[in-house]
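One structure is given here, and the rest of the page talks about it.
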Amino acid sequence: MTVRTAPARVRGTVFPLFSASHPGRRRAQPVQIDIHSATVADVPLILRFITELAVYEKAEHEVVATPESLERSLFGEGSPARALMCEVDGEPAGFAVYFFSYSTWLARQGLYLEDLYVSPRFRGAGAGLRLLKALARIAVDSGCGRFEWSVLDWNEPAIRFYESVGAAPQSEWVRYRLAGDELRAFADGAPVSAA
Numbered sequence: 060m061t062v063r064t065a066p067a068r069v070r071g072t073v074f075p076l077f078s079a080s081h082p083g084r085r086r087a088q089p090v091q092i093d094i095h096s097a098t099v100a101d102v103p104l105i106l107r108f109i110t111e112l113a114v115y116e117k118a119e120h121e122v123v124a125t126p127e128s129l130e131r132s133l134f135g136e137g138s139p140a141r142a143l144m145c146e147v148d149g150e151p152a153g154f155a156v157y158f159f160s161y162s163t164w165l166a167r168q169g170l171y172l173e174d175l176y177v178s179p180r181f182r183g184a185g186a187g188l189r190l191l192k193a194l195a196r197i198a199v200d201s202g203c204g205r206f207e208w209s210v211l212d213w214n215e216p217a218i219r220f221y222e223s224v225g226a227a228p229q230s231e232w233v234r235y236r237l238a239g240d241e242l243r244a245f246a247d248g249a250p251v252s253a254a
């Protein structure tokens, strides 16, 4: 099976319905949207977008990523994660980070979207849709059985966007997490409390 990690470069002109810089105002001129695989040179921009996303999600205090840790985790040998960059009319507009997962029920890999972010001034120009379509193409070309992601339950604009492309919420699942001190304590054999 061939695993396609990312498109080298995907370009396209779109005619957005609304102006990215003036929401609610019709936009007459087309925009050029460019999606390409991230490189080490994109690390400072990726960190900026991660921070902007964290501020939007009211979780800026949780960002511990550094340029060095991003370079290792996205571009180091054997790294499972990949990133796409998005430009609108030649300006950095957003990014997506993804990795391949696995479904035991399908006995096939899947693609998991960790983060997708488009800067506010470029929203409505089609950048998010182009990123999502590029990821869907990677999933299909890699033989994935599914393409999944999570969204905060209060992020109504993102929920509407995802549902508009045909994605369905998986409300029967509850996501769990062990992180930081709790993860280390559990791994080190800390006693488990009775539920």
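Residue numbers (my numbering): 60 to 254.
Don't be surprised by glycine CBs; every beta carbon is placed ideally from N, CA and C.
Bear in mind the structure is a predicted one, so any value in this text is a computation, not a measurement.
- For ALA246, the enclosing alpha helix (DSSP H) stretches over residues 239–246.
- Contact holds between the segment 167–177 and the segment 201–215, because three or more Cβ pairs, one in each stretch, are under 8 angstroms apart.
- In this structure the segment 144–161 lies against the segment 179–188, because at least three pairs of beta carbons, one per stretch, are closer than 8 angstroms.
- A contact is defined here as three or more CB-CB pairs under 8 angstroms, and the segment 97–110 fails this definition with respect to the segment 194–204.
- Taking C-beta atoms as the reference points, ALA142 and VAL123 fail to come closer than 9 angstroms.
- Here GLU130 carries a helix assignment [DSSP, helix/strand/coil].
- Per DSSP, VAL199 is one residue of the alpha helix (DSSP H) stretching across 186–200.
- The DSSP-derived three-state label of ARG141 is strand.
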